[in-house]
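One structure below.
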Amino acid sequence: MRFMKYKNIIFDFGNVLVKFGEQQVIGRFCSTPEDSALIKRAIFYNWDELDRGTIDYEEYMAHAATLVPERLRPNIRQLAREWCLHLTPLEKTWDLVRELKKKGFSLYILSNASTFFADHVSHYEITREFDGMVYSAPIRMMKPEPDIYKYLFQTFRLNPEECFFLDDKEENIKGGTDLGMDGIVFTENISEIRKILEL
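Using the working numbering, read the sequence shown as starting at 223 and increasing by one per residue.
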């Protein structure tokens, strides 16, 4: 039997499993570039604190609605309920996840995300392939700070040296490598990942 250096593959969510960005979040909720700019400014005024879990989601979105003209407030309210249900799957990553699962790897998600997103992420069927998930807001820890990686390792009893991390941000990869976990910045180059993992 071939020795596997890595037993656990850790995935970020946004821009690894699904497309995530300002346009993915707001695009379907506004019809003109002008409205898009207004909604973007309102929605993202303090998004990092949503991911950190220090701001209540409902209060955040209610405040965001006050930052746009009255005619756009229904758009904000709809966006607040629905944005996380319309992110585009990165199908090649989903295929990789399924292949890794079949080959016996343990799979985990480690993502900076709001409690609202964490509560609705099961909408994406690919999450059923994962052995565990850690989202930042519910535990009030955030990548690339060390505590969230340690929380992942301790919660699921993982040896960092047996883990490989895929994230779209260099600083988040470094946060993991500083604690002994290998990783690579995800660029949708699946063949490179397959080579590293010897698939």
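Every residue, glycine too, gets a C-beta built ideally from N, C-alpha and C.
Would you identify the three-state DSSP class for Met355, choosing helix, strand or coil?
strand
Go through its chain and collect everything with a Cβ distance to Phe327's Cβ below 6 Å, but skip five positions before and after it.
Ile231
Arg295 versus Trp305, Glu304 and Met283, residue with shortest Cα-Cα distance
Met283
Quick check: what's the CA-CA separation for Lys391 versus Asp270?
15 Å
CB Ile331 to CB Val290, shorter than 8 Å?
no
Exposure label - Met226; buried when at least 16 CB within 10 Å:
exposed
Identify every residue that forms a DSSP beta bridge with Asp273.
For Asp273, which the question treats as bridged, DSSP gives no partner whatsoever.
Go to Phe387, then tell me how far its beta strand (DSSP E) extends in each direction, as first and last residue.
Cys385 to Asp389
Helix, strand or coil at Asn394 according to DSSP, with G and I counted as helix:
helix
When the Cα atoms are used, what is the spatial distance from Glu313 to Leu239?
8 Å
By DSSP's criteria, Asn230 is part of a beta bridge. Which residues make up the other side?
Ser328 and Cys385
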